[in-house]
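Mapped onto the working numbering, the consecutive letters of the sequence shown carry residue numbers 1122 to 1395. Ideal placement from N, C-alpha and C gives every residue a C-beta, glycine not left out. The structure displayed is predicted, hence computed values, not measured ones.
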Amino acid sequence: MIHHLNCASFHPPLVGSMVAHVLVVERPDGLLLVDTGFGTADVAAPQRIGRAVRALMRPKMLPEETAIAQLTALGYTADDVTDIVLTHLDVDHAGGVGDFPHARVHLDAAELEAGRHPRGAEHGRYVREQWAEADFVPHAAPPAGGDAWFGFESVTEIGDGVLLVPLPGHSRGHSMVAVRDGDGWLAHAGDAYFHPGDLTSPPSAPRTVRVVQRLLAQDDAVRLANRDRLAELVAADHPDLRVFCAHDRAEFEAFGGPAGGGTGAGFPRSTGEI
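So, in structure tokens, the structure goes:
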């Protein structure tokens, strides 16, 4: 079974309400999370995520929205989480890593390198305190292009039915995470786009959203190229694939997530194991 959680709520000026879409995948040997939102330490000390993030994103920082609080409400403990797969290391995606100290944390090797050895504007991007003690499992892109998935190459299989798909641009090692859901796939595209209108032809996302994405991009030309690849994937209308981003509230609610955050049922609801 796959659960959809909102692990942070934002209200950026002129953009509207946004979420931090997190997946919880139930497996025979424990839980796997895709992203984590903010963690308990972030909520307790909001200043650690930085003044710029607070001003730009205006997060609510609610303790009940942390992944650990919502998993506890579902009857789990922190030790039930064996693996976390991160789309990238931005503060609103990796903040909850510290709440699961025994989990293996998977991500693209280039993203871990960026977090540990930032260059230029990357210096203001990451908060190492969120993940300094994490048990990282970095994944380098396979040689010679690697395996392909729906036309995307250099895909790494992290576990049975869990794939890491390189999709840089927003950050140096940004990735999409694909999770097997019954006979199909859920593809968490992270911050590769912020609004479904980004994937229409021509793109129709609000101008303010486009500006924010450009400002946050580590390499905007690469980001736009990968956005266009995603748009082609979505336009192909594969019946066994659903693509969604990290922050669009309407996409989150389409999976059963309540308007105020919290958990939502899978869509389509999973009944088996990945």
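According to the DSSP assignment, residue 1301 belongs to the beta strand (DSSP E) that extends over 1296-1302. The bridge partners DSSP lists for residue 1122 come to none. The Cβ-Cβ distance between residue 1181 and residue 1231 does not fall below 9 Å.
Rounded to whole angstroms, residue 1318 and residue 1176 show a C-alpha spacing of 25 Å. If you draw a straight line from the Cα of residue 1254 to the Cα of residue 1302, it comes to about 31 Å. Assignment of residue 1288 by DSSP, reduced to helix, strand and coil, places it in the coil class. Counting of Cβ neighbours within 10 angstroms places residue 1321 among the exposed residues, the total staying below 16. In this structure, residue 1208 places its C-beta atom within 9 Å of the C-beta atom of residue 1298. When Cβ pairs closer than 8 Å are counted between the two stretches, the segment 1332-1340 is seen not to touch the segment 1352-1367, the count staying below three. In the structure shown, residue 1214 adopts helical secondary structure according to DSSP, grouped into three states.
The Cβ-Cβ distance between residue 1140 and residue 1123 does not fall below 9 Å. Between the alpha carbons of residue 1292 and residue 1193 lies a gap of roughly 31 Å.
Secondary structure remark: continuous alpha helix (DSSP H) runs of at least 4 residues inside the segment 1306-1384, in chain order: 1328-1337, 1341-1356, 1370-1375. Here residue 1276 carries a strand assignment [DSSP, helix/strand/coil].
Rounded to the nearest angstrom, the gap between the Cα atoms of residue 1306 and residue 1166 is 37 Å. Exposed is the label assigned to residue 1268, since fewer than 16 other Cβ atoms lie within 10 Å of its Cβ. Residue 1249 and residue 1371 have their C-alpha atoms spaced approximately 31 Å apart. Boundaries of the beta strand (DSSP E) harbouring residue 1155: 1151-1155, taken from the DSSP string. Where residue 1170 is concerned, there is no enclosing alpha helix (DSSP H), because DSSP gives it neither an H nor an E. At the C-beta level, residue 1308 and residue 1276 stay beyond 9 Å of one another. When DSSP states are grouped into helix, strand and coil, residue 1175 belongs to the helix group. The continuous beta strand (DSSP E) containing residue 1144 extends over residues 1139-1148. The distance from the Cβ of residue 1174 to that of residue 1212 is about 6 Å, consistent with a contact at the 8 Å cut-off. Bridge partners of residue 1257 according to DSSP: 1226.
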